[in-house]
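Residue numbers (our numbering): 45 to 275.
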């Protein structure tokens with residue numbers, strides 16, 4: 045789906061590798077190479093991914109199924125689900141997407157969410173049906189809607205600018221004086237090679253993400269903690 049908390053690198057990957065960008069049709073992203081509707085299949089190599097429209101977290105969320113595996117993005121998480129309070133999110137739609145679509149797959153179907161804040165990588169339909177505190181154990185629609193409407197989560201800090209950039213496949217990158225639609229990975233490396241001694245590359249991801257790989261010489265200043273590093 046169209047992310048609200050970070051700018052997609054799909055345009056850079058497409059530029060560097062020749063890969064095609066794929067989005068769910070409801071996103072209406074004109075720069076995408078492929079727009080998938082519910083039930084469409086995407087073939088690559090010996091595999092075929094079935095697109096499953098799972099709106100609710102946002103209106104354009106898409107999950108994928110292949111060979112006993114569900115890739116659920118931000119719709120169904122391990123012991124949780126995506127929030128529903130921005131980007132045309134709707135708790136009733138998310139409830140239907142999970143209970144009527146994702147939970148309809150066999151219990152032993154593996155579930156791979158888009159991310160997990162505790163480092164977990166996989167679950168299965170049986171476990172989420174039984175143990176998911178938001179939408180497991182036969183949770184009713186009414187109770188689920190109540191839970192989702194009372195999460196009281198902060199709004200992503202840069203949702204307005206980030207969403208607009210992602211609707212352009214991430215092309216409108218804010219890199220100081222560099223702000224061109226044809227900005228490539230070659231341009232990025234050239235920019236890094238020509239940094240002045242007084243300039244620094246700032247990595248705003250979490251320390252855990254930073255530790256798993258980062259631009260050499262970059263400083264890790266997690267988003268939201270900038271002020272503490274300036275004092």
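C-beta atoms are modelled at their ideal positions from N, C-alpha and C, and glycine is treated no differently.
Taking 4 residues as the minimum length, the alpha helix (DSSP H) runs contained wholly in the stretch 81–140 are 135–140, in order along the chain.
C-alpha of residue 147 to C-alpha of residue 156: approximately 14 Å in a straight line.
Rounded to whole angstroms, the gap between the alpha carbons of residue 83 and residue 109 is 10 Å. In the displayed model, residue 147 falls within a helix according to three-state DSSP. Here the alpha carbons of residue 52 and residue 75 stand approximately 13 Å from one another. CA-CA distance, residue 256 to residue 169, rounds to 29 Å.
The C-beta of residue 137 has 16 or more other C-beta atoms within 10 Å across all chains shown, which makes the residue buried. In the DSSP annotation of this structure, the continuous segment of the alpha helix (DSSP H) that includes residue 57 starts and ends at 54–61.
Residue 261 has its alpha-carbon roughly 47 Å from the corresponding atom of residue 150. With 16 or more neighbouring CB atoms inside 10 Å of its own CB, residue 141 falls in the buried class.
In terms of Cα proximity to residue 160, the closest of 189, 187 and 116 is 116.
Taking the Cβ atoms as the reference, residue 119 lies roughly 6 Å from residue 107, within the contact range of under 8 Å. Residue 155 has 114 and 167 as its beta-bridge partners, per DSSP. Residue 46 and residue 63 have their C-alpha atoms some 18 Å from each other. For residue 230, the number of other beta carbons within 10 angstroms of its own is below 16, and it is reported as exposed. Around residue 206, the same chain offers 47, 48, 49, 50, 51 and 200 as residues with beta carbons nearer than 8 Å, after the five sequence neighbours per side are excluded.
Put simply, of 264, 198 and 103 the residue whose alpha carbon is nearest the alpha carbon of residue 69 is 103.
Contact holds between the stretch 126–135 and the stretch 188–198, because three or more Cβ pairs, one in each stretch, are under 8 Å apart. For residue 167, the CB contacts under 7 Å within the same chain, skipping 5 residues up- and downstream, are 122 and 155 in chain order.
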